[in-house]
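A quick write-up on the structure given underneath.
Take a look at the structure:
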């Protein structure tokens, strides 16, 4: 670690919405780390970001930032297509990495990263599936692990966004939205997803051209559990995420009761968060803090390259199921010993 500051020097790769938010988080919210470098192909933007952070150096190439002697670890928040090269560059220097999802955009490239990390002989990557650090999801995970209501049989998920940006596609509904339900399904149930179906009801009247919205996704697990996820990415009224576990002796649901519920002047109700950053802000804070704390101890925790690879494999099956309307089995190799 950087001896000058006694803290973990982090290079943040990508200074778009997520990258800039992580720069703010490391600088102003969490402890034990500082932003030592920022990277972006936009030289003007990355310089503006660096100028706002004391002791931060701007770069336009990830490998150059990783060679900076003040950099001890890497946070990747660039577009998914750029992740593989950045991860391999980090492996070349044996640097710990927090990589925003996806690990990579497809299972073939994710497998290459997985195999490269295995050649190191130890884990270096934590994948940014932030819902695993959300207080509600952590409570639900604890209940299931304790067997509080018996064996889980089904999960019901709901994932709604107010709207989508221009160019949002059906495949992105899987890769950018349903990927979170894919990860929490595997994590909550501690089972691999083995098959996917995608059903398309009558679409929203004002859905963007070419986008079938909403959709219903069905997962099967290796243990025979069923999981359904409603995806409605242009609902218009805000951001809603919920999960209900149906178990042998009861059910447990999260996500329906958040914030203050009021009755006043002939009205009742509460507020709905506008987007995922606001809804999961505390989860992002907890995720990065846990990564920093583990890295300073010389440890690697949290979602692994295997989790990133498995999610990519399920996404690939989901896109095929979406396009064909058929049940598609997930093609997943054997889990290596490093990730057991």
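Residue numbers (full-length UniProt numbering): 1 to 340. We put the beta carbon where it would ideally sit given N, CA and C, even for glycine. Source: prediction; values computed, not measured.
To the nearest angstrom, report how far apart residue i and residue j are at their CA atoms.
i	j	result
residue 285	residue 30	7 Å
residue 55	residue 237	42 Å
residue 57	residue 247	52 Å
residue 161	residue 253	19 Å
residue 265	residue 256	23 Å
residue 203	residue 125	39 Å
residue 147	residue 249	9 Å
residue 184	residue 64	35 Å
residue 343	residue 186	Any question about residue 343 goes unanswered here, given that the chain covers just 1 to 340.
residue 182	residue 225	13 Å
residue 239	residue 159	8 Å
residue 4	residue 219	For residue 4, the predicted model reports a pLDDT of 45, less than 50, meaning its position is unreliable; a value from the coordinates is still stated below. For residue 4 and residue 219, the distance between alpha carbons rounds to 50 Å.
residue 191	residue 279	26 Å
residue 317	residue 28	40 Å
residue 321	residue 47	43 Å
residue 79	residue 267	43 Å
residue 244	residue 206	29 Å
residue 336	residue 17	34 Å
residue 344	residue 172	This structure cannot settle anything about residue 344, because the visible part of the chain is limited to 1 through 340.
residue 93	residue 8	16 Å
Return the Cβ separation of residue i and residue j in integer angstroms, given the expectation that the two are a contact with Cβ distance under 8 Å.
i	j	result
residue 49	residue 26	Wrong, their Cβ atoms sit about 12 Å apart, outside the cutoff.
residue 196	residue 328	5 Å
residue 114	residue 306	7 Å
residue 89	residue 66	6 Å
residue 131	residue 83	That belief does not hold up - the Cβ atoms of residue 131 and residue 83 are roughly 19 Å apart, past 8 Å.
residue 277	residue 164	Residue 277 to residue 164, Cβ: 15 Å. No contact.
Report yes if the C-beta distance between residue i and residue j is below 8 Å; otherwise report no.
i	j	result
residue 157	residue 211	no
residue 319	residue 174	yes
residue 221	residue 178	no
residue 6	residue 12	no
residue 312	residue 107	yes
residue 32	residue 296	yes
residue 216	residue 188	no
residue 23	residue 35	yes
residue 168	residue 303	no
residue 118	residue 338	yes
residue 149	residue 60	no
residue 241	residue 98	no
residue 121	residue 77	no
residue 231	residue 208	no
residue 283	residue 133	yes
residue 105	residue 86	no
residue 127	residue 95	no
residue 123	residue 300	yes
Tell me whether residue i counts as near the ligand MN, meaning its Cβ is closer than 7 Å to at least one heavy atom of that ligand.
i	result
residue 256	The model on display carries no ligand, and the ligand MN is accordingly not part of it.
Looking at the C-beta of residue i, does it have a partner C-beta in chain C at a distance below 8 Å?
i	result
residue 178	As a matter of chain content, chain C is missing from the structure shown, which is built from one protein chain.
Three or more C-beta pairs below 8 Å linking the region 70 to 79 and the region 266 to 276: no
Let me know the beta strand (DSSP E) ranges lying completely inside the region 6 to 85, each 3 residues or longer, listed in chain order. 8 to 13, 33 to 39, 57 to 59 and 73 to 76
Give a yes or no on contact between the region 191 to 205 and the region 137 to 144, applying the rule of three or more CB pairs nearer than 8 Å. no
Cβ contact check for the region 308 to 318 and the region 148 to 157: 3 or more pairs under 8 Å: no
Would you mind listing the beta strand (DSSP E) stretches within the region 141 to 177 that are 3+ residues and don't spill past its ends, in chain order? 152 to 160
In chain order, which continuous runs of the alpha helix (DSSP H) of length 4 or greater are located wholly inside the region 250 to 338? 276 to 279, 281 to 296 and 305 to 324
Enumerate, from N- to C-terminal direction, the unbroken alpha helix (DSSP H) stretches of 4 or more residues contained entirely within the region 91 to 148. 107 to 120 and 135 to 146
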